[in-house]
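Shown next, in structure tokens, is the structure this report addresses.
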Amino acid sequence: MKLLHMLNEKLRQLGRAILRYTPMSLFAAFFGLLAGYALWEVIDTVQKDAVNKIYDEQLQSNLDQRAREALIHFDHSVQSYETTIRLLSNHRKLANYLNPVYWFPDDQEPRLLYTDKQPNWLPEPERWKPLASPTHIMLLDTQGQIREEYRLQQTVLPEELLSQLASYISSPQTILTDIDGEPYLLAATVAEDAAYNIMGTLVMVVPVDATFLSSAQRGLVTEALTAVVDGATQVILNSSDPEVIGKGVTLDQLDKKYAVTTQSFAEYGGANSNLLFATMIPKASVRELRRSVIALERRQRAIVAFSFIIFFSLLFMLVSNRLSRALKRLSDFSQRALGISQPVARSGNQLMVLEEWMKQFINLVREAREDMRSRHESEILEKEALTSAIMDASVDSIITTTSDGTIIDFNPTAEEEFDYSEDEVVDNLSVERLIAPESRIYFLNLFAECQRAKDFNDARSELVAQRSDGSRFPVEIAIQSIQLRDEVLFTFYFHDISERRRQENEIRALAAFPSESPSPILRIDKQGIIQYANQASEPLMAFWHSGRMQELPLEWRIRVAEALSSGEDFEREVKTEDAVYSIMLSPIPELEYVNLYARDVTETRLAEEEARRHQNELIHVCRVSSMGEMATGLAHELNQPLSAIINYANGAKRRFVRGASGEELLEPLENITAQATRAAQIIKWLRGLVERQSRVRQSVDVNEMIREVLSFMDFEIRKARLDVEFDAGSDLPPIPLDLVQVEQVILNLLRNAIDAIAASGVEGKIRISTRFENDNLVILIEDNGPGISEQAMEHLFEPFFSTKTTGMGMGLAISQSIIEEHDGRIHVSSGELGGATFRLSLPLLARNKQIA
Ligand code: ADP
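In our numbering, the protein residues as written are 457 to 1308.
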């Protein structure tokens, strides 16, 4: 039993392996052939039966036809005997012969027999013999007695037949009869003499034998045989071919070989009318034909079937190959797409491969589903944890209720904000109790609306909530419905907006700020139109001849546009008839407007003016009071040009004594003039210092100015053997300056440099350079003197600070005030040449001062 089971298992494996590794096209061919063969068998049987049936039908109709034809021919043959007998009886020879004859009824005379020679009552043989070939022709008297007999063949008719003849006399006719199994045809007619007296009967006898039967069928092209059959015994009496079908054969015996039809001789009824006419067609010939037709049909069918099998097998092979390839591609692609790593056979029956692959795929899907399920479960768990974490950590109160408002969940923030514990409210309290009475109706309406409309989620509103102790606070509330399978829950988010309210109030208060400000505050849009202006702006707007929603003056519109594009604040003072405003434009580029803050600085400016006036006076007092000291300075200042003049004058005098020409005297005289002019300038300046003259500014070429100063100092420079380098900047714009004062500053700086160099005793070098930098004219004066110590640096610009024995210490202080008067700056540092570097920077456009 076990062995059998194993065998069965092995066989199944083998079957699967065959299925598995046989390509589909081979299967296709095999099944194609098998199906073809089965079909062939079925069609062959059906076809053969059909052909047989057709042949049987054909044979039957053929047989009937033949039988009818044969019988008709037989009839014709019989009729020719009837015709012949009538011809013979009507012939005059018979009438003439009978005319003198008279047969006595009881006459016992032997009949007259003709054997060799025909009786003379017959016409010439050629007149009737071609029509019939009887064996006997007899003349019978009216009593039925045979009187004369013409024997055409030497056969003796049986007595029984002869005795029967008498019975036909009454009604002469043609009959068939059989005597002892031998059929005879008897044709009789009335014999009359010339006077038409009935003399008797003329009878013609012929045996229906093979000769008769075959001659009756003459002219018929057929294989059919005819026979006369005894109807009672179904035995053949005579056939047209006795060699083939002999006497005494029964019809049953013939059935095997022949198709037989029997017909009765109805018209030839006589004493013995139980005879039948049989027509037989040999079956063999039919069968042969049928066989050859079936064979032909089968051959043709085979050719057609073979063609079909070949065609369809090829087609099927082609289709299955295509299908195979498509399936292969499909499984390859799917494997790649699904990333199946398990090996899958690539050749053989692709249907099996696909089945294998499908199994793997289903496994994969099952695994994936399992994986998804577990992932889904963990996700749900995570989500639940996350939800409760969110609920717990939410800064908002989150309250979940049933559809009638009963609280079922209350998060920690809610506990804190509403001052209830979770146990107190859950299943106990309706959510509306958390709302202050004045907001309750509104809340209930909102809740009802949320319940009515299924998609009415996230309804947001602001209301007043109420804590357990009855205290209130503003909240923003959002309601969200949660559609569960069999009920609807609602989640309420309460967001405490006390802080927001406070901020809003603050913002509102702040918004009122500008309007309450005593200083003008305006908001200008990018087109320069005043969008907002507080009350304090009225005088300023009146000065500009503008107003709210009106344009600023052109100059300010330009400033507004500049401030917006640069993003930088711009500050400037404006003097109206009664006040001075310091105006600041503060751009807010992202909103494309500029805030204008103005400050009334009239008081400040007046105070400054006053202070400046005081300072000038102070300086003046200072200067006047230190006049005594200044006298020394004056002497020092004037000493230089004066001693130069003396030197040049002495030189000129010497040249004159030597008798020099006028041209030789020209140079010292020019120098004298220059030095004298300088002295006059110094005096003028000093007077200016003392007099506090009003300053006049003019457009000055700075390079030109420095050259002028250098020419003043030419004598001193040469005397001190200094190397002075002037690096004049190109393309410097003219600048409005108080020329005399600034010249004085440069003069002072150069002189300090010369003093410093002289004190150190080095080979002096001074470099002056000018340049234009950031809207400022910059003048640098560098020397290679000892430089300035740290301590000195701190006090350098203070009045009366000096390290020199003869110094007044006013030079730098005055220089600084002059430069600051020009809105410029003076700055000292240690320079590249090793000594001090003084840097003057003068703005091209002085801010506060109008150009005169
Ligand atoms: P005075 O020249 O009368 O001393 P200043 O105010 O012109 O007064 O100069 C103040 C002091 O600054 C000088 O005494 C000197 O010590 C110092 N000082 C000015 N210029 C230079 C310089 N180029 N190098 C070194 N020290 C200088």
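No residue lacks a Cβ here, since even glycine has one placed at the ideal position from N, Cα and C. Keep in mind the model is a prediction, meaning the values are calculated, not measured.
If you draw a straight line from the Cα of Gln609 to the Cα of Leu752, it is about 53 angstroms long. Going by beta carbons, Leu1188 and Ile1237 fall outside the 9 angstroms limit. Closest in C-alpha terms to His1251, from the list Leu1268, Ile1235 and Pro1242, comes Leu1268. With a contact defined as Cβ atoms closer than 8 angstroms, Ala1135 and Pro1097 qualify at about 4 angstroms. In the displayed model, Met847 falls within a helix according to three-state DSSP. With 16 or more other CB atoms across the displayed protein chains lying within 10 angstroms of its CB, Asn1240 is buried. Taking C-beta atoms as the reference points, Leu731 and Asp665 fail to come closer than 9 angstroms. Restricting attention to Ser1297, Gly1217 and Gln516, the CA atom closest to the CA of Val1234 is found in Ser1297. For a cut-off of 8 angstroms, the C-beta gap from Thr540 to Ala588 is around 4 angstroms, short enough to register as a contact. DSSP places Tyr553 in the helix class (H, G or I) of the three-state scheme.
In this structure, DSSP gives Asn1240 a state outside helix and strand, which the three-state scheme calls coil. Here the alpha carbons of Ala1184 and Leu1094 stand approximately 29 angstroms from one another. A direct Cα-to-Cα measurement between Trp584 and Lys573 gives close to 15 angstroms. With a threshold of 8 angstroms, the Cβ atom of Met1169 does not count as near ligand 1, since no heavy atom of the ligand is closer than that. For ligand 1, no non-hydrogen atom lies closer than 8 angstroms to the CB of Met1161. Boundaries of the beta strand (DSSP E) around Phe929: Arg928 to Gln939. Set against 8 angstroms, the gap from the CB of Asp1179 to the closest heavy atom of ligand 1 is not smaller. Across the set Ala989, Ile985 and Gln983, the C-alpha of Ala989 shows the shortest separation from the C-alpha of Ile977. Put simply, the segment 473-491 touches the segment 771-785. At least three CB pairs are less than 8 angstroms apart. Taking C-beta atoms as the reference points, Leu1052 and Ile980 count as a pair closer than 9 angstroms. Assigned with DSSP and collapsed to three states, Gly656 falls in strand. The nearest non-hydrogen atom of ligand 1 is 8 angstroms or more from the C-beta of Ile1039.
Cβ-Cβ separation between Ile864 and Leu885: approximately 11 angstroms, too far for a contact (criterion under 8 angstroms). For Val502, the number of other beta carbons within 10 angstroms of its own is below 16, and it is reported as exposed. Relative to ligand 1, the beta carbon of Arg1295 is positioned no closer than 8 angstroms to any heavy atom. Here DSSP, grouped into helix, strand and coil, assigns Lys815 to helix. Inclusion of Ile692 and Ala734 in the CB contact set at 9 angstroms is warranted, their separation being smaller than that value. Here Phe1256 is exposed: its Cβ has fewer than 16 other Cβ atoms, across all protein chains shown, within 10 Å. Secondary structure note for Phe1168: its alpha helix (DSSP H) is the uninterrupted segment Val1158 to Phe1168. Cβ-Cβ distances below 8 angstroms link Pro1124 to Tyr1104, Ala1105, Gly1107, Ala1108 and Arg1111 in the same chain, with the five nearest sequence neighbours on each side left out; the list follows chain order. As the crow flies, the alpha-carbon of Leu1195 is around 7 angstroms from that of Val1156. Nearest to Val881 by C-alpha distance, out of Arg923, Ile631 and Asp852, is Arg923. Residue pairing by DSSP places His592 opposite Arg607 and Val661 in a beta bridge. Annotation for Ser1297: no alpha helix (DSSP H) segment contains it, though the beta strand (DSSP E) segment containing it runs Ala1292 to Pro1299. Looking at the DSSP output, Arg1281 sits in a beta bridge with Ser1297. Between the segment 1000-1007 and the segment 954-973, the count of C-beta pairs closer than 8 angstroms stays below three; the two stretches do not touch.
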